[in-house]
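Colleague: As given, the protein sequences belong to chains U and D, one line each in that order. For what it's worth, the working numbering labels the leading residue of the first sequence as 1, then goes sequentially. For what it's worth, the working numbering labels the leading residue of the second sequence as 256, then goes sequentially. Glycine included, every Cβ here is placed at the ideal spot set by N, Cα and C. The following block contains the structure, expressed as structure tokens.
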Amino acid sequence: MRRVRIIPTLLLRNNRLIKTARFQNPTYIGDPINAVRIYNEKEVDEIILLDIAATKEERSPDFVAIKAIASEAFMPAGYGGGIGKLDDILRVISSGFEKVILNTAAYYNPGLISEGANAIGSQSIVVSIDVKKNFFGKYRVYVGCGKNNTGEDVVVYAKRMEDAGAGEIILNSINRDGTLTGYDLELISNVSSKIKVPLVVLGGAAKIADFKNAIHHGASAVAAGSMFVYKTSSKGILISYPPQHQLHEELFATL
Amino acid sequence: MLAIVDYGVGNLSSIKNMLDRLGVESTVSCNEKDIVEADKIILPGIGAFDNCIQQLHNSGLIDILSQKILTNRTPLLGICVGMQLLLQKSDEGVSAGLGWIKGVVKKFNFSHESTLRIPHMGWSEIEEGKPSRLLANLPSGARFYFVHSYYVLLQSEGDELASAFYGHNFTAAFERENIMGVQFHPEKSHRFGMQLLSNFVNNY
């Protein structure tokens, strides 16, 4: 038996919870504090909170809002969005988060990764990589909320982020976001075989079997958005998380 | 009043936040007076061992902490690296630990074939070694959140309260007289951590 982390991922815009599909068409889901309270009751392993508007609007995190959310989280929590300097990193930590997630800033200013790791430890510095598969089947890194193609090869880039001091990598498939079609397993294999730090995968999960596939392809932890905010049948909104006994039987016992 | 020692390391608001939820009065403080007056002390810690012990020295609180813990026998709970600091030394650095508990801190070291990654980051169930007030009333299947690359190797196995497994068994919690340590983060471990912190507050 092996336990792996299963992580609901919440997207924020103007302090409202939303969900995208392929990084587009945001749908309003609800109030973030309410969602975190429900995830508390469901005893989730960890949560990831991403403000997808902050970088686009060229602003720092909304520290008042995220502190209020963190104070409801009795599980590990990571925050990303709008972090551009060391002071932002320190303030996210003092707002009550264990992990700070860098994405666009890690691309333009990789020095921030090591600066952050030196200040708060590499286990708390996470680099999130948004990836799109192009027509030639190549995986390319995108920044700026999936808008800007950097032309970087994902494996080379992930390795560089690890070398820069990232303690964990989140690999997010833009193609699979919100599609409920399962993880991109080829992408996971490619990256997991080349890095040593924990790899969290995101994008496409719809069921527990998807988690198992991702772990077998080298993921250390699995994250999901739609699966934990929608009923899979009707796409009605339902904040949910599988109960422990089900995870034990269908996942942990098989690993 | 319970004092959470603020020596410039880590996320202290989470510990205070959970104590608030339990209705326990606490203060996050680097103030000598608060430490002197405390009836319970929590020593947190995160990041590198040498950095933590150096920051603790810089805080100027070690003398007063020694007196409180070793002479007055005030109950102390070390969390994560705060637990490791209580030992004599660590593979991670060159600085001596506080040495209040006999033993050392070792690095996880797995073979190249192993798929286990370092740090150990995630939830593990703990196996209780002997009955204790600290781990009393935990439900079966109690699990806790761990983030660490190093683990405590006690000189006296009798001090161990519980172990966890990552590649091999390691000490998850210990207690010797009034000094306790946990490798995991109770403040981020749902109702299991709440029960443990409540035990620390009420059973000592």
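Is the Cβ of U:E43 closer than 7 Å to any Cβ of chain D?
Modeller: Residue 43 of chain U sits at position 43 when you count from the first residue of the first sequence. Closer than 7 Å to some Cβ of chain D, the Cβ of U:E43 qualifies, so yes.
Colleague: Tell me where the beta strand (DSSP E) around U:R5 begins and ends.
Modeller: Numbered from 1 along the first sequence, position 5 holds the residue referred to as residue 5 of chain U. Counting along the chain, the beta strand (DSSP E) containing U:R5 begins and ends at 5 to 13.
Colleague: Report the CB separation of U:G94 from D:S444 in whole angstroms; it is logged as a contact under 8 Å.
Modeller: Indexing the first sequence from 1 puts residue 94 of chain U at position 94. Indexing the second sequence from 1 puts residue 444 of chain D at position 189. A small fix is needed here, since residue 94 of chain U is Ser in this sequence, not Gly. In fact, because the Cβ distance is near 21 Å, the residues do not count as touching under 8 Å.
Colleague: In whole angstroms, give me the CA-to-CA distance for D:E432 and U:S124.
Modeller: The sequence position of residue 432 of chain D within the second sequence is 177, counting from 1. The sequence position of residue 124 of chain U within the first sequence is 124, counting from 1. Looking at the two C-alpha atoms, the distance is approximately 33 Å.
Colleague: Give the secondary structure of D:M273 by DSSP, where H, G and I count as helix, E and B as strand, and everything else as coil.
Modeller: What you label residue 273 of chain D is simply residue 18 of the second sequence in a count that begins at 1. Looking at D:M273 - three-state DSSP - the assignment turns out to be helix.
Colleague: Could you check the C-alpha separation between U:A221 and U:G182 for me, to the nearest Å?
Modeller: Taking the first sequence and counting its residues from 1, one reaches residue 221 of chain U at position 221. Taking the first sequence and counting its residues from 1, one reaches residue 182 of chain U at position 182. Cα-Cα distance, rounded: 15 Å.
Colleague: Let's see if you can read the secondary structure: which residues bound the alpha helix (DSSP H) around U:E250?
Modeller: One-based indexing of the first sequence puts residue 250 of chain U at position 250. Where U:E250 is concerned, the enclosing alpha helix (DSSP H) stretches over 244 to 250.
Colleague: Quick one: Cα of D:S314 to Cα of U:I120, how far?
Modeller: Taking the first residue of the second sequence as position 1, residue 314 of chain D is located at position 59. Taking the first residue of the first sequence as position 1, residue 120 of chain U is located at position 120. Their backbone Cα atoms lie some 18 Å apart in a straight line.
Colleague: Note down, in chain order, every chain D residue with its Cβ under 7 Å from the Cβ of U:P76.
Modeller: Residue 76 of chain U sits at position 76 when you count from the first residue of the first sequence. What U:P76 touches in chain D: Y400, K443.
Colleague: Would you kindly work out how many angstroms separate the C-alpha atoms of D:R372 and U:K196, rounded to a whole number?
Modeller: Within the second sequence, residue 372 of chain D is the residue found at index 117, counting from 1. Within the first sequence, residue 196 of chain U is the residue found at index 196, counting from 1. Their Cα atoms are separated by approximately 6 Å.
Colleague: Could you compute how far the alpha carbon of U:T20 sits from the alpha carbon of U:V126?
Modeller: For the purposes of this step, residue 20 of chain U is identified with residue 20 of the first sequence, where counting begins at 1. For the purposes of this step, residue 126 of chain U is identified with residue 126 of the first sequence, where counting begins at 1. Approximately 22 Å between the Cα atoms of the pair.
Colleague: Under 7 Å between beta-carbons, which chain A residues line up against U:E98? List them in chain order, please.
Modeller: No chain A appears in the structure shown, which is made up of the protein chains U and D.
Colleague: Can you give me, in chain order, the residues of the region 288 to 303 of chain D that have a beta carbon less than 8 Å from any beta carbon in chain U?
Modeller: Under the 8 Å Cβ criterion, the region 288 to 303 of chain D contributes I301, G302, A303.
Colleague: Comparing the C-beta of D:G278 with each C-beta of chain U, is any distance below 7 Å?
Modeller: If you number the second sequence from 1, residue 278 of chain D lands on position 23. Closer than 7 Å: no.
Colleague: Which same chain residues end up closer than 6 Å to D:M435 when comparing Cβ atoms and leaving out the 5 residues on each side of it in sequence?
Modeller: Start at 1 with the first residue of the second sequence, and residue 435 of chain D comes out as number 180. Only L332, L389 meet the Cβ criterion.
Colleague: Can you list the residues of chain D that U:P198 reaches, using a CB-CB cut of under 7 Å?
Modeller: Position 198 of the first sequence, counting from 1, holds the residue named residue 198 of chain U. By Cβ distance, chain D contributes R372, M376.
Colleague: Determine, using beta carbons only, whether U:F63 and U:R91 come nearer to each other than 7 Å.
Modeller: Counting from one through the first sequence, the residue named residue 63 of chain U turns up at place 63. Counting from one through the first sequence, the residue named residue 91 of chain U turns up at place 91. Yes, they are a contact pair.
Colleague: Report yes if the CB atom of U:V200 is closer than 7 Å to the CB atom of U:I174, and no otherwise.
Modeller: Numbered from 1 along the first sequence, position 200 holds the residue referred to as residue 200 of chain U. Numbered from 1 along the first sequence, position 174 holds the residue referred to as residue 174 of chain U. No, Cβ-Cβ distance for U:V200 and U:I174 is not below 7 Å.
Colleague: What does DSSP give as the partner residue(s) for U:G78 in the beta ladder?
Modeller: Taking the first sequence and counting its residues from 1, the one referred to as residue 78 of chain U is at position 78. Partner(s): U:I48, U:K99.
Colleague: Which bits of chain D does U:A121 rub up against, with CB to CB less than 8 Å?
Modeller: Taking the first residue of the first sequence as position 1, residue 121 of chain U is located at position 121. One point to set straight first is that residue 121 of chain U is Gly, not Ala, in the sequence displayed. Those within 8 Å of U:G121 in chain D are I301, G302, A303.
Colleague: Are the C-beta of U:S114 and some C-beta of chain D separated by less than 7 Å?
Modeller: Locating residue 114 of chain U in the first sequence gives position 114, where the first residue counts as 1. It does not; no Cβ of chain D falls within 7 Å.
Colleague: Closer than 6 Å by C-beta to D:F425: which residues in its own chain qualify, once you throw out the five before and the five after it? Chain order, please.
Modeller: Position 170 of the second sequence, counted from the start, is the residue given in the question as residue 425 of chain D. So the qualifying residues of the chain are Y406.
Colleague: With C-beta atoms as the reference, is U:I7 less than 7 Å away from U:E46?
Modeller: Along the first sequence, read from residue 1 onward, the residue named residue 7 of chain U stands at position 7. Along the first sequence, read from residue 1 onward, the residue named residue 46 of chain U stands at position 46. The answer is yes: Cβ separation under 7 Å.
Colleague: May I ask which residues mark the beginning and end of the alpha helix (DSSP H) holding U:V229?
Modeller: Within the first sequence, residue 229 of chain U is the residue found at index 229, counting from 1. That run of the alpha helix (DSSP H) goes 226 to 229.
Colleague: Strictly below 8 Å CB to CB, what residues from chain D border U:V4?
Modeller: Within the first sequence, numbered from 1, the residue matching residue 4 of chain U stands at position 4. G377, listed in chain order.
Colleague: For the structure I just gave you, are there three or more beta carbon pairs, one from the region 345 to 359 of chain D and one from the region 409 to 426 of chain D, closer than 8 Å?
Modeller: Yes, they touch.
Colleague: Over the uninterrupted alpha helix (DSSP H) stretch that includes U:A260, give me the two end residues.
Modeller: Because chain U in this structure spans residues 1 to 255, residue 260 of chain U falls outside the shown range and cannot be described.
Colleague: Residues of chain U with CB closer than 7 Å to the CB of D:M273, please, in chain order.
Modeller: Start at 1 with the first residue of the second sequence, and residue 273 of chain D comes out as number 18. Correct list: F74.
Colleague: What does U:S128 touch in chain D if you count any residue whose Cβ is under 7 Å from its own?
Modeller: Residue mapping note: residue 128 of chain U aligns to position 128 of the first sequence, counting from 1. Neighbours of U:S128 on chain D: none; closest Cβ ~16 Å, over 7 Å.
Colleague: State whether the region 29 to 37 of chain U contacts the region 240 to 248 of chain U, with contact taken as three or more CB pairs (one from each stretch) at a distance under 8 Å.
Modeller: Flag = no, the region 29 to 37 of chain U and the region 240 to 248 of chain U do not touch.
Colleague: So what's U:T27 in DSSP terms, helix, strand or just coil?
Modeller: Reading the first sequence from its first residue, position 27 is the one you call residue 27 of chain U. The answer is strand: DSSP assigns U:T27 an E or B state.
Colleague: Can you look up D:M435 in the DSSP assignment and give me helix, strand or coil?
Modeller: Position 180 of the second sequence holds residue 435 of chain D. Strand, per DSSP.
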